[in-house]
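Report on the following structure.
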Amino acid sequence: MQQQARKAWIAAVLGLVLVFMAACSSKGNDAASPSQGSPSVAPPASAQSPAAAEETGYPASFKYWVQLPYNADPSVTNYSQMKAFQRKQEITGTQVEFLHPSGEGAQVAEQLNLLLASRNLPDVIESNWRNIPKGPDNAIKDGAIIRLNELIDQHAPNFKKYLDDNPDIRKMITTGEGNIYAFPFIRGDQALRVSWGPIMRADWLKTVGLEPPETIEEWETALIAFRDHDLNGNGKQDEIPFVLPIGAVNNSQLNPMIGAWGITGDFYQVDGTVKFGPVQDEYKQFLTVMKRWYDEKLIDPDFAAVDNKLLDAKVTNNQLGAFFHSGGGGLGRYLKLMKDSGDTAFDLIGLRNPTLNKGDMPALGMMDFAYQGLGSAAITTSAKNPEQIVKWLDYNYSEDGQLLFNFGIEGESYTVTDGVPKLSQNILDNNPHISKYALIYASGPFVQDVRAMTYTSANHKQAVENWAYAANKVRVPPITMSADDSAKLNAIMSDINTYIQEMNIKFVMGVESLDKFDAYVNQLKTMGIEDAVKIQQEALDSYNQSK
Amino acid sequence: MQRILRDFSRNRLVYAMMLPVVVYYLLFHYVPIYGVQIAFKDYSPMLGFLKSPWAGFVYFEEFFNSYYFVRLLRNTFLISLYSLIFAFPSGIILALLLNEVKSRVFKRSIQTITYMPHFISIVVVVGIMFNFLARDGIINNMLVALFGIEPIAFMREASWFRTIYITSDIWQGIGWSSIIYLAAIAGIDPSLYEAAKIDGAGRWRQVLHVSIPGILPVTTILLILQIGSLLSVGDEKILLMYNPVTYETADVIGTFVYRKGILEASFSYSAAVGLFKSVISFMLLVMANAFARKVSENNLW
Amino acid sequence: MKKSLASVAFDVCNYTFLILLALTTLYPMLHIFFSSISEPAFVVQNRGLILYPRGTNFEAYVRVFENPMITLAYWNTLIYVVAGTAINILLTACGAYALSRRNVLWMKPVMFLIVFSMFFSGGLIPLYLLVGDLGMMNSRLAVIIPTAVNAFNLIIMRTSFQAVPVSLEESAKLDGANDMVILFRIILPLSLPVVAVITLFYAVGHWNSWFPAMIFLQTRELLPLQLILREILISNTTGQMMTDLGQLDQIPVAETIQYATVMVATLPILFLYPFLQKYFVKGVMIGAIKE
Chain V
2 MQQQARKAWI
12 AAVLGLVLVF
22 MAACSSKGND
32 AASPSQGSPS
42 VAPPASAQSP
52 AAAEETGYPA
62 SFKYWVQLPY
72 NADPSVTNYS
82 QMKAFQRKQE
92 ITGTQVEFLH
102 PSGEGAQVAE
112 QLNLLLASRN
122 LPDVIESNWR
132 NIPKGPDNAI
142 KDGAIIRLNE
152 LIDQHAPNFK
162 KYLDDNPDIR
172 KMITTGEGNI
182 YAFPFIRGDQ
192 ALRVSWGPIM
202 RADWLKTVGL
212 EPPETIEEWE
222 TALIAFRDHD
232 LNGNGKQDEI
242 PFVLPIGAVN
252 NSQLNPMIGA
262 WGITGDFYQV
272 DGTVKFGPVQ
282 DEYKQFLTVM
292 KRWYDEKLID
302 PDFAAVDNKL
312 LDAKVTNNQL
322 GAFFHSGGGG
332 LGRYLKLMKD
342 SGDTAFDLIG
352 LRNPTLNKGD
362 MPALGMMDFA
372 YQGLGSAAIT
382 TSAKNPEQIV
392 KWLDYNYSED
402 GQLLFNFGIE
412 GESYTVTDGV
422 PKLSQNILDN
432 NPHISKYALI
442 YASGPFVQDV
452 RAMTYTSANH
462 KQAVENWAYA
472 ANKVRVPPIT
482 MSADDSAKLN
492 AIMSDINTYI
502 QEMNIKFVMG
512 VESLDKFDAY
522 VNQLKTMGIE
532 DAVKIQQEAL
542 DSYNQSK
Chain C
16 MQRILRDFSR
26 NRLVYAMMLP
36 VVVYYLLFHY
46 VPIYGVQIAF
56 KDYSPMLGFL
66 KSPWAGFVYF
76 EEFFNSYYFV
86 RLLRNTFLIS
96 LYSLIFAFPS
106 GIILALLLNE
116 VKSRVFKRSI
126 QTITYMPHFI
136 SIVVVVGIMF
146 NFLARDGIIN
156 NMLVALFGIE
166 PIAFMREASW
176 FRTIYITSDI
186 WQGIGWSSII
196 YLAAIAGIDP
206 SLYEAAKIDG
216 AGRWRQVLHV
226 SIPGILPVTT
236 ILLILQIGSL
246 LSVGDEKILL
256 MYNPVTYETA
266 DVIGTFVYRK
276 GILEASFSYS
286 AAVGLFKSVI
296 SFMLLVMANA
306 FARKVSENNL
316 W
Chain E
-2 MKKSLASVAF
8 DVCNYTFLIL
18 LALTTLYPML
28 HIFFSSISEP
38 AFVVQNRGLI
48 LYPRGTNFEA
58 YVRVFENPMI
68 TLAYWNTLIY
78 VVAGTAINIL
88 LTACGAYALS
98 RRNVLWMKPV
108 MFLIVFSMFF
118 SGGLIPLYLL
128 VGDLGMMNSR
138 LAVIIPTAVN
148 AFNLIIMRTS
158 FQAVPVSLEE
168 SAKLDGANDM
178 VILFRIILPL
188 SLPVVAVITL
198 FYAVGHWNSW
208 FPAMIFLQTR
218 ELLPLQLILR
228 EILISNTTGQ
238 MMTDLGQLDQ
248 IPVAETIQYA
258 TVMVATLPIL
268 FLYPFLQKYF
278 VKGVMIGAIK
288 E
């Protein structure tokens, strides 16, 4: 028994020793660069507007909270390792301590909320401030972040100029109460804002002798052809002409098909009037067509349960004829996968968004607004020297800053020929990965430059062009609303969203007859959809009226 | 007072041993309990606990008045109930069966193998489930070959959801949960078995009169605790498994609140629902414990 | 003693059932293992039984270990498991012993206190604030201390301690033993199986834990293995859905890498149990105790 007791004590002591070791060692901080922060330095005269009221310098140091992009190279564990930021430190003399939350999506949001609750705020927080609980106006009112309008006018000449040149951007980043709340991430060109759309098997179209479809009718013909001809040559009629994942139906960013009827699957606007897709007659027409396609076996019977893995499998298994996806991560990736596995016939093209009548321009394109909300840097109330930080952020919007964060270091990651910057070949070959140099692959407070964009193939380029071809007038711009309204809206929508999703399936699968559509609309009204529309309308009105 | 002093002096060491644990609970579980108040407030992280305005029962009402309230409650209870009836005993049964195995090597290898699935991340487990249960997946292939029926779209039918959920729970947890019962069996005095054998008891009788009573304390306690967690049924797993087709049977309180949280991190709402769950769960626990105390010697306090 | 026919029949059924069970539980691990060393294109396409790897390809593992965070995270997890479990067992054993004593005045209320805390919690935010106030934020202590005692495990251990016959205690007391002696010389040896199991529970708990690390740590160099792996697994599933942020996105992590990470994360801890199994010997101490 002595043996047992002794062993137990040894283990316990050992454990405690380890604990003390752990406690005394890395109380982690300062993953940032080792050099001592130099005192505030007056910046070299670059795009300094002489009209600036006072000469502010760059800050000596500050803390910056931002999520590390999921597709960064694994060796980049902190932004301080990125060459662009290192160069910026040389230029500005500012030492930035970057704090990165771990995890994804909801977890990062949770950590941000914890951060806000702890009142121990870093100086700058980069996040999607439109998604913050109760909205950005409330964040300002409750004293978490500061209003930036005046600071920009006085200390951010580059950004001010950009806003003056682009008043629509200014409108997008201003709240209903007139506050500019963050330095935004802007997609600087139309080509950068389109990344999702319909994709179809080009080789299959060729085999059945059809042109790429443009109208819903042509789609139906193509899908029927896909269904009937054994296009993957395996002797079985197992082709799935088309899949529309259930989660995409009511997402304005993911459902190009419904645009043929001129509406989206959730809130949209026509000339300033907000409407809700699922209660419109056009929605019933959309469901009718989907039901017909389902009955005729043109839609994947598993559409209600399809996720990315399944989608992957169906595409690479030569079963799927048409689907929606992105350019690089979808079209480009599949093309590469199939080419690597030796399939030479496999070909994908991106189609224009469908319409009802031939020759019409599609109403809905999957074009994002230049400002969506993500990647925007707000300055918190903990910052002791906001003017200096504003100046530091302003640098990103200068010409040098623009090149730095889009392309990286001249001579290393890009070259300039005839005044046009171009990413160097080794970067294009992902060796080293661009994340070691610049931010173009992710987001942040700067303007994305279209010249840094690369396509994975000619198909990809063509796809983006096709997808960009649309009127793009019906989506709701980045409006913001008050805390109360936002709470009310969310209270109404959670039940409604569940109901709509379930009814979608019931209608399409025929469990519920479409004759009952009116009853369905009435139920939505009982659940409060009209109040929800009103709230959105008020927010849109104040957005449209602001300048 | 006298009694207290005497008790202290007599049991000094016991209290000394208890002290760190008590301090831990007070510090990490009771100090933070002031956070419960946000269920009654309109909480804003930036205003903090004290300054956020009172909202009374607003969020509770929002929850109770939800169109889906009854369904959520029903699904949560049913899944938990089925789990209690089917999944809970599975570990016990496996432990008893393993105990009957004479070969040490066989016993050990079975144990080690069966408890492996417990370690596979739930994300991967659900991925494999989707794979096997697909229309053209293994299970359907077997069913068609053996019984000639039409393939069943398992993950798309609300009526299958509970079965699949419980079965996969059993599959993943049976080996792991049997460990604790095996340990309890190992602690049974062998002389009790000897005595039973001498009295002429066969194997089945030995199990009935020695093994089972021997693990009854642990079983009772675990059962009580499981009843107490009736409302907290496996949210992450359901989130990965369900889709709108199966909401009818799969949507539980936790998943609904999670979806709501995607719209907006409404702390107060989830706090209110959490408090509701806590109160009900605790009541259930107290009742289960009282019942156990009447029926046996084993209970929590 | 001759075995009856029923007894033999039962044995046959039992063995068969157990073998089937083992096969169904073993298969998925094999599926994952084979997938991790197969050709990526095959893995993405295939939906059936994978009974053997198609084309041996260890690139997934190479990629996984090339990730500098993996080895660092492994080390972190090791620290958390060893240090954490040591503290857990120390506190839990002492607490379980104390709570299992009859005739000690405050034990019932304390028990109630502990069970109550299992259900009512103030939520994440106060805990977060507390950890910050205690100065533990962004340090390893934040991962170990707030989970120092698991009520569930405590209760199980207490139940097991309670099952030790009172007579042994009393005879020890007559011999002049104090509580420490009773705990270490009598209770623990007799409850060794359960203590071993609880140790296993705690160790596995630490191994699989990622949430406290996510909430309390902001320095990537302190992160445990599971968190890194979760990022790989989940960001791949959601990453593909994300509309391209920039056209230079990496071709997302292949499925084989996911499987490889699962193997890497799971294999080591699997072997802890067989190691602890030797403590599951039946009532070994009973005879020896009766001195």
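Residue numbers (our numbering), protein chains in the order written: chain V, 2 to 548; chain C, 16 to 316; chain E, -2 to 288. Glycine included, every Cβ here is placed at the ideal spot set by N, Cα and C. Because the structure is a prediction, the values reported are computed rather than measured.
CB contact check: residue i to chain E, cutoff 8 Å
{"i": "His224(C)", "result": "no"}
{"i": "Ser103(V)", "result": "yes"}
{"i": "Ser136(C)", "result": "yes"}
{"i": "Ser34(V)", "result": "Here Ser34(V) scores only 31 on pLDDT, less than 50, and its place in the model should not be relied on; the value that follows carries that caveat. Chain E contact via Cβ: absent."}
{"i": "Leu100(V)", "result": "yes"}
{"i": "Ala199(C)", "result": "yes"}
{"i": "Asp184(C)", "result": "no"}
DSSP state of residue i mapped onto helix, strand, coil
{"i": "Thr265(V)", "result": "coil"}
{"i": "Ser1(E)", "result": "coil"}
{"i": "Arg18(C)", "result": "helix"}
{"i": "Thr382(V)", "result": "coil"}
{"i": "Ala323(V)", "result": "strand"}
{"i": "Lys64(V)", "result": "strand"}
{"i": "Ser547(V)", "result": "coil"}
{"i": "Tyr415(V)", "result": "strand"}
{"i": "Phe99(V)", "result": "strand"}
Neighbour flag for residue i against chain V, beta carbons, 8 Å
{"i": "Asn64(E)", "result": "yes"}
{"i": "Met238(E)", "result": "Confidence at Met238(E) is low in this model, with a pLDDT of 39, below 50, so the placement of that residue should be treated as unreliable; the coordinate-derived value is given next. Yes, Met238(E) lies at the interface with chain V (some Cβ there is under 8 Å from its Cβ)."}
Min CB distance residue i to chain C below 8 Å
{"i": "Gln274(E)", "result": "yes"}
{"i": "Lys64(V)", "result": "no"}
{"i": "His28(E)", "result": "yes"}
{"i": "Thr74(E)", "result": "no"}
{"i": "Leu242(E)", "result": "The predicted model places Leu242(E) with a pLDDT of 36, which falls under 50 and marks its position as unreliable; any figure quoted below should be read in that light. False, the Cβ-Cβ gap to chain C never drops below 8 Å."}
Sequence-distant residues of its chain with Cβ nearer than 7 Å to residue i (five each side left out)
{"i": "Thr289(V)", "result": "Leu515"}
Cβ separation of residue i and residue j, assumed to be a contact under 8 Å, to the nearest whole Å
{"i": "Leu100(V)", "j": "Lys135(V)", "result": "23 Å between Cβ atoms; not a contact."}
{"i": "Ile551(V)", "j": "Phe277(V)", "result": "What is shown of chain V runs 2 to 548, which leaves residue 551(V) out entirely."}
{"i": "Gly260(V)", "j": "Leu357(V)", "result": "That pair is no contact at about 10 Å."}
{"i": "Ser283(C)", "j": "Asp57(C)", "result": "6 Å"}
{"i": "Pro25(E)", "j": "Ser35(E)", "result": "The pair is not a contact, with the Cβ atoms about 15 Å apart (cut-off 8 Å)."}
{"i": "Pro355(V)", "j": "Ile217(V)", "result": "5 Å"}
{"i": "Gln155(V)", "j": "Pro102(V)", "result": "So it is not a contact: roughly 32 Å between Cβ atoms."}
{"i": "Asn233(V)", "j": "Gln320(V)", "result": "7 Å"}
{"i": "Gln126(C)", "j": "Gly190(C)", "result": "7 Å"}
{"i": "Val163(E)", "j": "Ile184(E)", "result": "Wrong, their Cβ atoms sit about 11 Å apart, outside the cutoff."}
{"i": "Asp204(V)", "j": "Asp348(V)", "result": "4 Å"}
Sequence-distant residues of the same chain with beta carbon closer than 8 Å to residue i, five excluded per side
{"i": "Asp74(V)", "result": "Pro433, His434, Ser436 and Lys437"}
{"i": "Ile76(E)", "result": "Arg137"}
Own chain, CB closer than 6 Å to residue i, minus 5 neighbours either side, in chain order
{"i": "Ser39(V)", "result": "Low per-residue confidence applies at Ser39(V): pLDDT is 30, beneath 50, and the placement is therefore not dependable enough to give any value."}
{"i": "Lys252(C)", "result": "Ile137"}
Closer than 7 Å: residue i CB and nearest the ligand HEM heavy atom
{"i": "Phe213(E)", "result": "Within the structure as shown, the ligand HEM is missing, as the structure has no ligands at all."}
Next on the checklist: Does the structure place the region 141 to 158 of chain E close enough to the region 9 to 17 of chain E that three or more beta carbon pairs sit under 8 Å?
Outcome noted: No: fewer than three Cβ pairs fall under 8 Å.
Next on the checklist: Count Cβ pairs between the region 131 to 147 of chain C and the region 257 to 274 of chain V that sit closer than 8 Å; are there 3 or more?
Outcome noted: no
Item to check | Three or more C-beta pairs below 8 Å linking the region 387 to 407 of chain V and the region 191 to 208 of chain V | outcome: no
Checklist entry - Do the region 153 to 163 of chain C and the region 95 to 108 of chain C meet, that is, are 3 or more Cβ pairs less than 8 Å apart? => result no
Item to check | contact_flag[the region 369 to 382 of chain V, the region 489 to 496 of chain V] where n(CB pairs < 8 Å) is 3 or more | outcome: no
Item to check | Cβ contact check for the region 88 to 95 of chain E and the region 30 to 49 of chain C: 3 or more pairs under 8 Å | outcome: yes
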